[in-house]
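One structure is given here, and the rest of the page talks about it.
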Amino acid sequence: MAMHKTKAVTATRHAALGLSDQDLLDMYYYIALARTLDDRMWVLQRAGKAMFVISGPGHEGCQVGAMWPMDKKNDWLVPFYRSVAACLVKGMTPKDILLGLFARAVDPSSGGRQMPGHYGHPGVKILSTSSPVGTQYPHAVGIAYAAKLRKTGEVTMVAIGEGGTSQGDWHEALNWAGIYKLPVIFVVENNFYAISVPLHKQVAGESVAARAAGYGFPGVVADGSDVLECYRVAKEAYDRARRGEGPTLIEYRVERLGSHSSDDQQERYRPKEEIEAARRRDPLVTFRAYLESVGLMDEPRGQALTARIKREIDEATDSADAEPLPDPSTAERHVYATQHDPTYYRADDQIPGPHPMHPWLPGPDGRR
Amino acid sequence: MAQVLTFRDALRATLMEEMDRNPAVVLLGEDIGVYQGTFRITADFLTRFGPKRVIDTPISELGFVGAAVGMAMLGLRPVVEVMTWNFSLLAADQILNNAAKLRYFSGGQVNVPLVIRGPNGAGVQLSAQHSQSLEALYAHFPGLWVVAPATPADARGLLLTALRGKDPVVFLENAALYGAKGEVPDGDAPIPFGQAEIMRRGHDVTIISYSRMVHLALTAAEQLAQTGIEAEVINLRTLRPLDRETLIRSVRRTHRAVVVQEQWRPFGAAAEIAAVIYEGAFDLLDAPVERVTGADVPMPYARNLELLALPHERDIVAAVQRTLYRQ
Ligand SMILES: Cc1ncc(C[n+]2csc(CCOP(=O)(O)OP(=O)(O)O)c2C)c(N)n1
């Protein structure tokens with residue numbers, strides 16, 4: 013760093029970026045909260061409380077950095093399954109996320125319809141996620157287009173893994189956004205693996221960010237273990253978007269600290285040393301080290317925070333678990349805006365419903 | 002001679018033998034090499050055949066199915082694994098608009114010996130975008146063969162036929178069946194497409210199904226037998242071509258039919274099968290053809306709703322009883 017001797021420079025990196033001490037403590041809180049929630053979800057899955065978990069250990073730092081410059085009330089987040097920390101920053105609570113894991117009726121993402129890890133929350137402007145990778149990218153472009161047309165000033169941030177950039181959807185979205193200079197920030201959380209498939213089999217040249225050039229807007233790379241750098245590049249991207257200068261592609265290089273999902277064992281295809289080395293780039297560790305270096309964190313404060321977060325996650329777990337499953341009588345809801353045609357619904361003709369022999373006639377309960 | 006194999010091992014062994022025999026066979030798919038396949042159908046293939054024939058693709062279904070169409074036209078025999086058939090929808094244009102039509106639009110000059118395979122249908126709590134049964138969609142299109150094996154023997158025999166044909170094959174497996182065991186004949190015995198199997202003889206009613214639902218039908222038939230109802234159970238094996246003859250002949254004998262499918266009722270495979278029965282056996286039917294199907298909703302994640310959305314043995318029993326006016 014050439015600027016460290018300049019007089020006008022503020023004492024700390026974060027202050028130079030316009031971040032207060034409180035910002036830093038809050039950012040660290042979200043990283044730690046996401047990690048603790050994440051660990052809890054895996055424990056619950058192993059205990060048989062959930063069928064499936066997919067989450068983001070190692071990705072939290074870049075997500076919190078990316079989200080920090082966002083106008084959380086006005087802007088949109090279009091997440092993917094690793095976006096636990098991003099969704100928390102945006103305003104979902106740990107309980108919201110656990111309600112999805114437990115498939116509870118009041119799960120804000122889908123009312124227990126969609127798999128865990130597919131976050132959505134209209135109340136805090138998080139667009140619902142879909143399983144086929146890449147499909148969220150064109151959606152984000154559509155949101156950005158609508159925002160531009162309606163002059164709402166909303167900026168949209170969308171996230172994906174590097175493997176997902178192999179999809180046509182991804183490229184088509186970038187192309188569109190470039191042509192129309194849309195207020196959208198394309199985030200790629202590059203953890204070097206797509207399940208077992210390494211980066212070099214997804215991306216020739218191994219730089220996702222470089223692809224932005226072909227679509228006519230800037231692409232930047234940032235180290236996901238450097239939360240402040242993640243923030244800095246995101247801030248620039250938001251500023252550009254707000255000035256009407258169009259999209260930015262940000263490639264965050266992160267570590268996937270765990271297996272791809274609860275269906276995977278990464279030991280099957282990743283060398284032990286590599287998995288070990290990844291831990292040194294854990295944003296929870298690196299960001300804490302930064303906080304300690306500027307005197308914002310120490311052992312007692314760390315312990316107090318850990319205890320507070322544990323309490324929050326315990327409470328969230330208990331209260332989410334106490335919620336009921338979706339009511340079976342609502343099973344056919346949400347297929348259409350208006351009442352679904354019940355003629356076709358029944359899998360089990362023994363449930364009172366249409367006349368079993370002649371579905372066009374009312375059943376024993378008068379229903380059709 | 003026959004040996005007892007799981008469905009998975011039947012597929013795996015057949016694929017391996019054919020790759021040993023025919024150097025034109027290449028595999029493409031996500032996580033099929035190093036990872037050995039999400040369902041381990043391609044376990045050890047990478048070490049045995051090398052990365053030129055066992056291709057770990059980028060996550061780009063449209064791209065790799067399209068490339069496989071090109072390979073097929075140029076004399077290779079690509080076998081594409083889709084992680085689930087749900088993701089084949091990203092490649093729908095290549096399958097439905099291209100693979101299915103290249104022979105026709107080349108005036109018969111071009112072969113597209115392409116096999117696309119992978120799990121179809123519901124698992125346990127995978128929700129709508131991982132649980133769909135897409136057979137009726139694919140069977141709607143002329144130019145594709147649509148195969149849905151129910152047993153390890155089917156898996157082997159039908160895969161052999163698929164791997165030796167000249168046209169694109171949609172090979173629909175079911176994840177819940179991969180561990181199922183059954184006798185598999187040794188040797189080179191392809192099962193021709195369009196040959197249904199009568200899995201159980203009966204004279205009171207014909208239950209017609211394919212893939213996993215055949216097993217539900219067999220269980221239901223056992224339960225019915227305890228109440229004195231003898232059901233005939235037909236395993237269609239392929240939807241395109243459809244063995245009309247076997248099912249019409251059976252229904253003309255039993256006078257009653259129940260068709261079982263996992264997918265949604267409207268415009269599903271059972272509707273086509275029922276129409277075939279009406280066309281071929283109307284005069285001999287003693288009851289309307291019954292359909293047992295999945296519920297007409299995207300598959301929900303919550304287990305209690307999911308169970309409501311799937312067909313069960315008791316639904317088949319109830320449907321059979323309705324055809325016999327026993328309810
Ligand atoms: C269209 C489609 N194909 C395949 C899958 C199965 N799948 C789910 S996640 C994943 C890997 C994604 O890797 P990447 O985009 O690098 O993100 P990461 O999981 O590493 O964060 C795959 C292949 C899918 N969900 N959608």
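Sequence order for the protein chains is A and B.
First residue of the first sequence? That's 13 in the working numbering, and the numbers climb one at a time after it.
First residue of the second sequence? That's 2 in the working numbering, and the numbers climb one at a time after it.
From the three backbone atoms N, C-alpha and C, an ideal C-beta is built for every residue, glycine too.
Owing to the predicted nature of the structure, the values given are computational and were not obtained by experimental measurement.
- Between ligand 1 and the CB of N121(B), the shortest heavy atom gap is not smaller than 8 angstroms.
- Straight-line spacing of the CA atoms in A92(B) and Q277(A) works out to 28 angstroms.
- Interface annotation, E344(A): in contact with chain B, CB-CB separation under 9 angstroms.
- Residues of the same chain with a CB within less than 7 angstroms of the CB of A3(B), apart from the 5 flanking positions on each side, are E184, V185, P186 and D187 in chain order.
- The distance from the Cβ of M63(A) to that of V125(B) is about 7 angstroms, consistent with a contact at the 8 angstroms cut-off.
- DSSP places T24(A) in the coil class of the three-state scheme, outside both helix and strand.
- Under DSSP, P210(A) shares a beta bridge with Y205(A).
- Remark: the shortest separation between the CB of L91(B) and any heavy atom of ligand 1 falls under 8 angstroms.
- With a cut-off of 8 angstroms, the C-beta of H130(A) is classified as distant from ligand 1, since no heavy atom of the ligand falls inside that distance.
- Contact of K284(A) with chain B by beta-carbon distance below 9 angstroms is absent, the smallest such distance being about 16 angstroms.
- For P338(A), the three-state secondary structure derived from DSSP is coil.
- Within chain B, the residues whose beta carbon sits less than 7 angstroms from that of S208(A) are D32, V35 and Y36, listed in sequence order.
- For the region 74-105 of chain B, the residues whose beta carbon sits under 7 angstroms from a beta carbon of chain A are, in order, F88 and L91.
- In this chain, the alpha helix (DSSP H) harbouring R49(B) covers F46 to F50.
- For P186(B), the uninterrupted beta strand (DSSP E) segment begins and ends at K182 to P186.
- Annotated three-state conformation of M169(A) is strand, per DSSP.
- Per the C-alpha coordinates, the member of K53(B), R54(B), T247(B) and R157(B) positioned closest to A11(B) is R157(B).
- Per DSSP, reduced to three states, the secondary structure at E285(A) is helical.
- I235(B) is positioned such that its CB atom lies no closer than 9 angstroms to that of V206(B).
- DSSP places Q315(A) inside the alpha helix (DSSP H), whose first and last residues are E311 to D333.
- Taking 3 residues as the shortest admissible run, the region 57-109 of chain A contains the following complete beta strand (DSSP E) segments, listed from N- to C-terminal end: 88-90.
- Straight across, the Cα-Cα distance linking F172(B) with T260(A) is about 42 angstroms.
- If you draw a straight line from the Cα of P242(B) to the Cα of L164(B), it comes to about 16 angstroms.
- Under the Cβ criterion of 9 angstroms, D187(B) is not counted among the residues facing chain A.
- In the structure shown, the three-state DSSP call for E263(A) is strand.
- Among the CB atoms of chain A, none fall inside 9 angstroms of the CB of G195(B).
- Taking 8 angstroms as the cut-off, one finds no heavy atom of ligand 1 near enough to the beta carbon of S134(B).
- Annotation: the continuous beta strand (DSSP E) that includes T207(B) extends over V206 to S210.
- Between A140(B) and V147(B), the gap from beta carbon to beta carbon is short of 9 angstroms.
- Counting C-beta atoms within 10 angstroms of its own C-beta, R78(B) has 16 or more neighbours from the protein chains shown and is therefore classed as buried.
- For L337(A), the residues of chain B that pass the 7 angstroms Cβ criterion are A303 and N305, in the order they occur in the chain.
- Closest in alpha carbon position to G129(A), among F204(A), S67(A) and V153(A), is S67(A).
- Only residues of its own chain outside the window of five on either side were considered, and among them G124 have a CB closer than 6 angstroms to the CB of A115(A), listed in chain order.
- Straight-line measurement puts the Cα of D244(B) at about 48 angstroms from the Cα of A171(A).
- Those residues of the region 116-127 of chain A placed with their C-beta closer than 9 angstroms to a C-beta in chain B are R116, A117, D119, S122, G123, G124, R125, Q126 and M127, ordered along the chain.
- Runs of alpha helix (DSSP H) with 4 or more residues, each lying fully within the region 127-165 of chain A, are found at 148-162, listed in chain order.
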